[in-house]
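Below: the structure, in structure tokens.
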Amino acid sequence: MIAMIVLTLGVALLFAAIHMFIGRMSGLHGAERSGWLSFSGGVAITYVFLHVLPGLTIHNEILAEGNEAVAFMADHIVYFLAMIGLITFYGLDRTVVISRQAQRAAGAADVPHNTVFWIHIGAFAIYNFLIGYLLLNREDHSLFALGLYAFAMGVHFLTGDYGMWDHHKHLYQSKVRWIVSAALLAGWSTGAMVELHDPTISIIFGFLAGGVIMNVIKEELPEDRESRFGPFALGAAFYTVIVLSEGLI
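With the working numbering applied, the sequence shown covers 124 to 372.
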């Protein structure tokens, strides 16, 4: 258990480092989408199909088992939570985009209104907190599974933080990176001290899965800048091979 605590702390610190230093990764910031971002997108999309979607089925069974309060929707409850998560983060992203457009039309800086900014960052602080919490509270506690989770979520944060940096510009450097990093480490700390019951974990996973799916699709399949199919396909193939190799180890 102590070894897993140390390992997951290392992963949490890695995630926090991505948050902290994304603004300094100059190779990512350009009109043409970086090959590394496209590669990361391929990994993250594959993670959704090979881990997140199957995980929804597992957690749906856990949550529905013996829970008469949700018997009428037992076959769909975690999927419903995932849908709520997806809708929530889609609504947040559209609100930020519309706010930026309104700010530009008014001759202000190309950043969202202050209220929208704090709502957006608050939501992503919760998102990061939940991801940090699940580092120590996943259904598969093997070292290989932790490595897959760390790699996939690391590249997901790489592209997601790039999108947040693009939305919030200098505010990302001065405020956002500190808030989301602190939230992630707070989530890990809570996970090390508080162990929730499996149904509660399933509720968290369901909502978080919807957010992950939305953010992966939004950032990893961009419409506003040229994506690069070659690196994207390579990333998808690379992660697929790693996942399939688990049975050979």
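The beta-carbon is built from N, C-alpha and C at its ideal position, and this holds for glycine as well.
A contact between stretches requires three or more CB pairs, one per stretch, nearer than 8 Å, and the region 206-215 meets this requirement with the region 325-332. Under the three-state reduction of DSSP, Ser-304 is assigned to helix. About 6 Å separates the beta carbon of Ser-163 from that of Gly-358, a gap short enough to meet the 8 Å contact definition. If you look at Ala-205, you'll find it in the alpha helix (DSSP H) that goes 200-228. About 27 Å separates the CB atoms of Val-219 and Val-201; that is not less than 8 Å, and the two are not in contact.
Residue environment analysis places Asp-284 among the buried positions, since at least 16 neighbouring C-beta atoms fall within 10 angstroms of its C-beta. According to the DSSP assignment, Glu-184 belongs to the alpha helix (DSSP H) that extends over 176-187. Within the model, the alpha-carbon separation for His-142 versus His-290 is close to 14 Å. Gly-178 is the residue among Ile-365, Gly-178, Leu-367 whose C-alpha sits nearest the C-alpha of Asp-263.
Around the beta-carbon of Asn-237, fewer than 16 other beta-carbon atoms lie within 10 Å, marking it exposed. Annotation for Leu-271: the continuous alpha helix (DSSP H) segment containing it runs 266-291. The C-beta distance from Ala-167 to Val-339 rounds to 5 Å, short enough to fall under 8 Å. DSSP, reduced to helix, strand and coil, places Ala-231 outside both helices and strands of the structure shown, so it counts as coil. Contact annotation: Val-175 and Ile-336 have beta-carbon atoms nearer than 9 Å. Around the beta-carbon of His-243, 16 or more other beta-carbon atoms lie within 10 Å, marking it buried.
Ranked by Cα distance from Tyr-250, the options Ile-302, Phe-203, Gly-230, Ser-297 are led by Ile-302. Distance between Phe-144 and Ile-185, taken at the CA atoms: about 38 Å.
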